[in-house]
Structures are given as C-alpha cells and as structure tokens.
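Using the numbering used here, the letters of the sequence shown map in sequence onto residues 1 to 242.
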Amino acid sequence: MLKIEGLCAGYGRIQALHGIDLDVPEGEIVTLVGANGAGKTTLLMSICGAPHASAGRVLLDGEDITHLPTHQIIRRGLAHSPEGRRIFPRMSVLENLQMGAAQSDPRHFDQDLERVLALFPRLHERLTQRGGTLSGGEQQMLAIGRALMSRPRVLLLDEPSLGLAPLVVRHIFEIIAAINREQKVTVFLVEQNAFHALKLAHRGHVMVNGKIALSGTGAELLANPEIRAHYLEGGTHGETAS
Ligand SMILES: Nc1ncnc2c1ncn2[C@@H]1O[C@H](COP(=O)(O)OP(=O)(O)O)[C@@H](O)[C@H]1O
Ligand SMILES: [Mg+2]
Numbered sequence: 001m002l003k004i005e006g007l008c009a010g011y012g013r014i015q016a017l018h019g020i021d022l023d024v025p026e027g028e029i030v031t032l033v034g035a036n037g038a039g040k041t042t043l044l045m046s047i048c049g050a051p052h053a054s055a056g057r058v059l060l061d062g063e064d065i066t067h068l069p070t071h072q073i074i075r076r077g078l079a080h081s082p083e084g085r086r087i088f089p090r091m092s093v094l095e096n097l098q099m100g101a102a103q104s105d106p107r108h109f110d111q112d113l114e115r116v117l118a119l120f121p122r123l124h125e126r127l128t129q130r131g132g133t134l135s136g137g138e139q140q141m142l143a144i145g146r147a148l149m150s151r152p153r154v155l156l157l158d159e160p161s162l163g164l165a166p167l168v169v170r171h172i173f174e175i176i177a178a179i180n181r182e183q184k185v186t187v188f189l190v191e192q193n194a195f196h197a198l199k200l201a202h203r204g205h206v207m208v209n210g211k212i213a214l215s216g217t218g219a220e221l222l223a224n225p226e227i228r229a230h231y232l233e234g235g236t237h238g239e240t241a242s
C-alpha cells in the first residue's frame, strides 16, 4: 500500500536518510524503531513531502506521491500524527479536530467526528476545553484523533508514547490496535519504545544512522538478541520482554 524506494532526504548539506527501502502492506501495523537521531522522524516527514526527497520514491497504492504537495498527499489517504503531538494549544479540542478535517469533504464531518469521539471518549468530555490544558495522554489522543479526521487509509504515528506514563502508554497502544483492527486503517508506527511497538506490530524495521539495519516480524525482532541488548533491556518500563 505504502512503498518507499531508495529514499534519500536531509536538511541542507546534512543527509539524514541514505536510501530507505520499506513496504507498509495494507491492513498491517508496521513499526520502525531506532535510537534518537537515527532518522525516523525525517522519514515520516519526508513521506509527507517535507523535507523533499533528494532521491528515491514514495508510492501510495502504486501512485508516485514523492513530489506532491502535502495537502494533496493527505487527500490521497495519508495522515500524520507528528512527534511532540503539535496540537494547537489555544484552540479547543473541537477546533483541533476541525483542523484535521480541513482537506476533507465537509459532508463527512459529523460522521467522522462521531467516529473519532467514540474512539476517544475522553475527548468527547472535553470538546470545549483548550488543547493546551489537556494532559499529555489526552493531547496524544487529540493528535491521533485530528489525524483520523481526514479519513486516512494509512496513518503515520511518530512516537505516540513519548513522555507518557506506562499506564497511559498501554492505553494509547490499545487504541492504535483498535484503529488498525476495527477501522481497517494501515499503520506505520515510529517508536523509541521498541518493546510495545514490536509487540503490537505485524512487521518491524530497525533504523541506524539513516539506513534500515534489520527487518523482520515483530516477534522475530523481539526475540533477536541484538535488538534486546540495544533497544529492549532496561527500556521496557519494568515489563519483561520475554
Ligand atoms: N530541522 C533539522 N535541521 C537539521 N538537521 C536535522 C533537523 N531535524 C533533524 N535533523 C538531523 O537529522 C538526523 C535525523 O533526525 P531525526 O529524523 O529527528 O531522528 P529520530 O526521529 O530518529 O530521532 C539527526 O542527525 C538530526 O540531528
Ligand atoms: Mg524522532
């Protein structure tokens, strides 16, 4: 469904991605794990068109979307929940969700809102509250909900667990599983929290210095001694990786 071929991108003279090949098949959760600075965020942003790819291609359902402007990429069914959530703190929850629907047919709005609020009852209770006054977990829900308002077929999630307490992290991951399973949305999940992400994912990839170093099923990567040593031990929030 989403296919990345030989993608290179960077910032000015700094090249952050060195020829990424990666497939996100329809209906799956695919995760990308890797240390801070590996290039994970750059990959998600470059799928959305900024920074531009300097080489390689991004295909969505076989269509080359590499050089399309971001709003046209969203219209084709891709949505991005960015690192750090980036909600609009002075806008209400409802206004934040309206922003997510800006590229959509207004006739869908009520139905899409209802679907998102069913997924996040906490947001339903806080529709008029300003985004900036929500807890970290609620802000993450809002960031995901806002992305879902554009009716994506593929959802890109950048570190949804960042900075959240373990119990909240667990809840967010359950919701991601439900979005995938019940709403049939394909998910490309970037995480430093490799344990939770690999447990959830059908397939995983490990990024090191702007390259894919290792790929496998979630279970294979969880069992891999190298992965355990680098990304899991001590990073499982008190849960055992076995
Ligand atoms: N806006 C930017 N300008 C210049 N360099 C950047 C910028 N954002 C990220 N980088 C660099 O690109 C590399 C990859 O960063 P990033 O994609 O944020 O990694 P990750 O998400 O895996 O932590 C890092 O070396 C980082 O310093
Ligand atoms: Mg990042």
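Glycine is no exception: its CB is placed at the ideal position from the N, C-alpha and C atoms.
In the three-state DSSP reduction, D112 falls in the helix class (H, G or I). For Y11, the shortest C-beta to heavy atom distance toward ligand 1 is below 7 Å. Inter-residue distance for M99 and Q72 is about 15 Å (C-alpha atoms, whole angstroms).
Residue state for T66 is assigned as coil, using DSSP reduced to three classes. 8 Å or more divides the Cβ of C8 from the Cβ of A38. If you draw a 10 Å sphere on the C-beta of P106, you find fewer than 16 other C-beta atoms in it, and that means exposed. If you compare the alpha carbons of G77, N193, L127 with that of D158, the shortest gap goes to N193.
In the three-state reduction of the DSSP assignment, H52 falls in the coil class.
Taking 3 residues as the shortest admissible run, the stretch 115 to 167 contains the following complete beta strand (DSSP E) segments, listed from N- to C-terminal end: 154 to 158. E226 sits in a helix when the DSSP states are folded into three classes. Here the alpha carbons of M45 and V33 stand approximately 16 Å from one another. When S161, G131, E63 are compared, the shortest CA-CA separation from M1 is found for E63. Judged by beta-carbon spacing, L221 lies beyond the 8 Å limit of I212, meaning their Cβ atoms are not closer than that value.
Distance from the CA of F109 to the CA of N224, rounded to the nearest whole angstrom, comes to 45 Å.
E83 has its Cβ nearer than 7 Å to a heavy atom of ligand 2.
With at least 16 other beta carbons inside 10 angstroms of its own, K40 counts as buried.
Taking C-beta separations shorter than 6 Å and ignoring five residues to either side along the sequence, the partners of V58 in its chain run I4, I47, I65, T66, following chain order. By the 16-neighbour rule on beta-carbons within 10 angstroms, G218 is buried. Judged by their CB atoms, A79 and L17 are not nearer to each other than the 8 Å cut-off. Non-local C-beta neighbours of L127 in its own chain, meaning closer than 6 Å and more than five positions away in sequence, comprise V93, L94, ordered along the chain. About 7 Å separates the beta carbon of L119 from that of I179, a gap short enough to meet the 8 Å contact definition. Just measuring C-alpha positions, the residue of P121, S81, D23, A197 sitting nearest A177 is A197. It is roughly 7 Å from the alpha-carbon of S104 to the alpha-carbon of R75.
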